[in-house]
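Just below is one structure, and these are the notes that go with it.
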Amino acid sequence: MRSELERHDPQIFELIRQEEARQTGSIRLIPSENYVSAAVMAATGSCLTNKYSEGYPGKRYYEGQQITDVIETVARDRAVTLFSADHANVQPYSGSVANLAAYNALIQPGDTIMGLALNSGGHLTHGSKHSITSRFFKSVSYTVNPKTGRIDYDEVETLAKKFRPRLIISGTTAYSRKIDFERFEQIAKSVEAYHMSDIAHIAGLVAAGLHQSPVPHADIICTTTHKTLRGQRGGLILCSAEHAAKVDKAIIPGQQGGPHMHTIAAIAVALGEAATDRFVSYAAQILRNANSLAEKLMEHGFDLVSGGTDTHLMLIDLRDRGIPGKRLAKALDRARIVANFNTVPGDSASPLNPNGLRLGTPAVTTRGMKEPEMDLIAGWIHTISENLDREHVIERVAREVTELCSMFPVPGYFVA
Ligand code: DSN
Numbered sequence: 000m001r002s003e004l005e006r007h008d009p010q011i012f013e014l015i016r017q018e019e020a021r022q023t024g025s026i027r028l029i030p031s032e033n034y035v036s037a038a039v040m041a042a043t044g045s046c047l048t049n050k051y052s053e054g055y056p057g058k059r060y061y062e063g064q065q066i067t068d069v070i071e072t073v074a075r076d077r078a079v080t081l082f083s084a085d086h087a088n089v090q091p092y093s094g095s096v097a098n099l100a101a102y103n104a105l106i107q108p109g110d111t112i113m114g115l116a117l118n119s120g121g122h123l124t125h126g127s128k129h130s131i132t133s134r135f136f137k138s139v140s141y142t143v144n145p146k147t148g149r150i151d152y153d154e155v156e157t158l159a160k161k162f163r164p165r166l167i168i169s170g171t172t173a174y175s176r177k178i179d180f181e182r183f184e185q186i187a188k189s190v191e192a193y194h195m196s197d198i199a200h201i202a203g204l205v206a207a208g209l210h211q212s213p214v215p216h217a218d219i220i221c222t223t224t225h226k227t228l229r230g231q232r233g234g235l236i237l238c239s240a241e242h243a244a245k246v247d248k249a250i251i252p253g254q255q256g257g258p259h260m261h262t263i264a265a266i267a268v269a270l271g272e273a274a275t276d277r278f279v280s281y282a283a284q285i286l287r288n289a290n291s292l293a294e295k296l297m298e299h300g301f302d303l304v305s306g307g308t309d310t311h312l313m314l315i316d317l318r319d320r321g322i323p324g325k326r327l328a329k330a331l332d333r334a335r336i337v338a339n340f341n342t343v344p345g346d347s348a349s350p351l352n353p354n355g356l357r358l359g360t361p362a363v364t365t366r367g368m369k370e371p372e373m374d375l376i377a378g379w380i381h382t383i384s385e386n387l388d389r390e391h392v393i394e395r396v397a398r399e400v401t402e403l404c405s406m407f408p409v410p411g412y413f414v415a
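See below:
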């Protein structure tokens, strides 16, 4: 297939080859990114991309579903078993679409939703004023306490009692501490609200039993499939039997047309991988690596939001150093260390030029890196932060990064 692409479209072939080399030759610390296995990659690039399958197994609008029905059923069953849920929908094209479907299933336009504010680590679709979610719903946000960097559950409860939202969202995209889903359930119940949980970042940790599961505590659970869960890019919804029909209707005909069967097959492969002891060991190493990287960064004097991490990610607050997050992220990128600039709690700067840097360990852990490598990475981040304009220092670090990467091959890649 690869040689066919090279012959047929050398321009795109060459660009993909360059991207493979970039991913292989850099230390990727964006916490929402990972490397999928060769098996997941193979399912993604299969003939299933040729098939339309609107509907659900056994109830499709087009014929020729002898195989796709089985594939989707396997994917659903694997999700249900892995997360101990009653029901799974594996068709959402993405996490954002899954979140919209959860709202679509449970509440009406004009109802009030309450989620974590964007600049406290929430997601756009949790009711941000920039998102369609705040056009269709009234939105109230809770924040993390700017001093502790943690969710203040008493404040969430106070706001819930004041604004009486119809749906409360637990879940984050830039928060380094564990989430108490049981407490969210109690708060939601106390105001007769639905509890929707977005575990896009931590799904792999939940699957591995290393983070409390929201499944017994939330009405609907949404996730992406490609972060710590390490699958093909896509979305997944889990729910109790009570909400199953509403969720399925919210996806199709509510929001989507034909599901992407190549994606669903690849998600099935990833869910199979996530059910293994090997995946549990992988997820445990993600946490050890994150903890180690956080500790080393703090030894170098960096200020971490909430003073560290107990998940796969961490946020550096750069305000005490006077370095804009974007400037550091761009200098690190030149040194082949790829992270993303991010707002930090209480940040008054624009999200386009904020005062924080977000880092995570899922991808480097997939490559087999462990605590000694986290020590090196923290040292390089420190060196770059002190030499933002010294290109000879950045080039030296880039050479050292390349050498380290050459010792940790990437699964599923064709070109080094
Ligand atoms: N864009 C994802 C992330 O990087 O966290 C969230 O959707």
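Numbering (numbering that gives the first Met the number 0), first residue to last: 0 to 415. Virtual Cβ for every residue (Gly too), placed ideally from N, Cα, C. Quick caveat, the model's predicted, so the values are computed rather than measured.
Exercise. Opposite H194 in the DSSP bridges: which residues?
Worked result: As a working note, residue 194 is residue 195 in the sequence shown. I167, per the DSSP bridge assignment.
Exercise. Taking the alpha helix (DSSP H) that T132 falls in, what are its first and last residues?
Worked result: Walking along the sequence shown from the start, residue 132 turns up at place 133. Residues T132 to F135.
Exercise. Given that a residue counts as buried once 16 or more other Cβ atoms are within 10 Å of its Cβ, and exposed if not, what is G208?
Worked result: Counting from one through the sequence shown, the residue named residue 208 turns up at place 209. So G208 ends up on the exposed side.
Exercise. Is it true that the CB of G307 sits closer than 9 Å to the CB of S31?
Worked result: Counting from 1 along the sequence shown, the entry for residue 31 is found at position 32. Counting from 1 along the sequence shown, the entry for residue 307 is found at position 308. Going by C-beta atoms, S31 is not nearer than 9 Å to G307.
Exercise. Residues in its own chain within less than 7 Å of A187 by CB, not counting five upstream and five downstream?
Worked result: As a first step, residue 187 is located in the sequence shown; it is residue number 188 there, counting from the start. Setting aside the 5 residues that flank it on each side, A187 is surrounded in the same chain by I167, Y193 and H194, each with a C-beta closer than 7 Å to its C-beta; the list follows chain order.
For this session: Inspect the CB distances between the region 389-398 and the region 324-340 and report whether three or more fall short of 8 Å.
Result: Contact check between the region 389-398 and the region 324-340: three or more CB pairs, one atom from each, fall below 8 Å, which counts as touching.
Exercise. With S417 and L327 assumed to form a contact (beta carbons below 8 Å), what rounded beta-carbon distance in angstroms separates them?
Worked result: Nothing about residue 417 can be read from this structure; the chain reaches only from 0 to 415.
Problem set entry | Per-residue burial, E390 [other beta carbons within 10 Å of its own, 16 or more giving buried] | Mapped onto the sequence shown, residue 390 falls at position 391. Flag for E390 reads exposed.
For this session: Taking I219 as part of the beta strand (DSSP E), name the residues at either end of that continuous run.
Result: Sequence index remark: in the sequence shown, residue 219 carries index 220 (1-based). Residues I219 to T223.
Exercise. How many angstroms separate the CA atom of V69 from the CA atom of I322?
Worked result: In the sequence shown, the residue the question calls residue 69 occupies position 70. In the sequence shown, the residue the question calls residue 322 occupies position 323. Roughly 53 Å between the two C-alpha positions.
Exercise. Around the C-beta of T80, are 16 or more other C-beta atoms found within 10 angstroms, so that it is buried, or is it exposed?
Worked result: On the sequence shown, position 81 is the one that residue 80 refers to. Answer is exposed; the Cβ neighbour count stays below 16.
Problem set entry | Beta carbon nearer than 5 Å to a non-hydrogen atom of the ligand DSN | The set of residues with CB atoms less than 5 Å from any heavy atom of the ligand DSN reads, in chain order, S31 and T172.
Problem set entry | Supposed close pair T227, I150 - CB separation, criterion 8 Å | Within the sequence shown, residue 227 is the residue found at index 228, counting from 1. Within the sequence shown, residue 150 is the residue found at index 151, counting from 1. With 8 Å as the limit, T227 and I150 do not qualify as a contact, their Cβ atoms being about 19 Å apart.
Problem set entry | Own chain residues within Cβ distance below 8 Å of E66, not counting five before or after | Counted from its first residue, the sequence shown places residue 66 at position 67. Glu is not the amino acid found at residue 66; the sequence shown has Ile there. Excluding residues within five positions, none has a Cβ falling inside 8 Å.
Exercise. Once you ignore the five residues that flank N103 on each side, which residues in its own chain have a CB closer than 6 Å to its CB?
Worked result: By 1-based counting over the sequence shown, the position of residue 103 is 104. If we look at N103 and ignore the five residues flanking it on each side, its Cβ neighbours are A249 and G253.
Exercise. Considering only C-alpha positions, which residue in the set I219, G411, P258 and K137 is nearest to A74?
Worked result: As a first step, residue 74 must be located in the sequence shown, where it is residue number 75. It is P258.
Problem set entry | Distance CB(G94)-CB(T262) smaller than 9 Å | Taking the sequence shown and counting its residues from 1, the one referred to as residue 94 is at position 95. Taking the sequence shown and counting its residues from 1, the one referred to as residue 262 is at position 263. Contact flag unset, no.
Exercise. How do the region 363-381 and the region 43-53 stand: do at least 3 beta-carbon pairs fall below 8 Å, yes or no?
Worked result: These segments do not touch.
For this session: Find the nearest neighbour of A273 within the set A20, A206, N290 and Q211, judged by alpha-carbon distance.
Result: Stepping through the sequence shown from its first residue, residue 273 is reached at position 274. Taking A273 as reference, the option from A20, A206, N290 and Q211 with the minimal CA-CA separation is A206.
Exercise. What residues are listed by DSSP as bridge partners for H86?
Worked result: Along the sequence shown, one-based indexing puts residue 86 at 87. Partner(s): C238.
For this session: Note down the Cα distance separating S36 from H86, rounded to an integer number of angstroms.
Result: As a first step, residue 36 must be located in the sequence shown, where it is residue number 37. As a first step, residue 86 must be located in the sequence shown, where it is residue number 87. Here the C-alpha atom of S36 lies approximately 26 Å from the C-alpha atom of H86.
Exercise. Between the beta-carbon of V39 and the beta-carbon of G230, is there less than 9 Å?
Worked result: Here the question's residue 39 lines up with position 40 in the sequence shown. Here the question's residue 230 lines up with position 231 in the sequence shown. The answer is yes: Cβ separation under 9 Å.
Exercise. What's the call for G109, buried or exposed, on a 16-neighbour Cβ count within 10 Å?
Worked result: Indexing the sequence shown from 1 puts residue 109 at position 110. The residue is exposed, with fewer than 16 neighbouring Cβ atoms inside 10 Å.
Problem set entry | At least three beta-carbon pairs within less than 8 Å, the region 119-134 to the region 263-271 | They do not touch, by the three-pair rule.
Problem set entry | Pairwise C-alpha distance: I220 and S196 | The count along the sequence shown starts at 1 and reaches residue 196 at position 197. The count along the sequence shown starts at 1 and reaches residue 220 at position 221. Using only the alpha carbons, I get a separation of about 5 Å.
Exercise. Buried or exposed: where does T172 fall if 16 or more other Cβ atoms within 10 Å of its Cβ makes it buried?
Worked result: As a first step, residue 172 is located in the sequence shown; it is residue number 173 there, counting from the start. Counting Cβ neighbours within 10 Å, T172 comes out buried, since at least 16 surround it.
For this session: Look up D309 in the DSSP assignment and say whether it is helix, strand or coil.
Result: Walking along the sequence shown from the start, residue 309 turns up at place 310. Coil, per DSSP.
Problem set entry | Residues sharing a beta bridge with D316, DSSP | The residue given as residue 316 occupies position 317 in the sequence shown. Beta-bridge pairing links D316 to D302 and G355.
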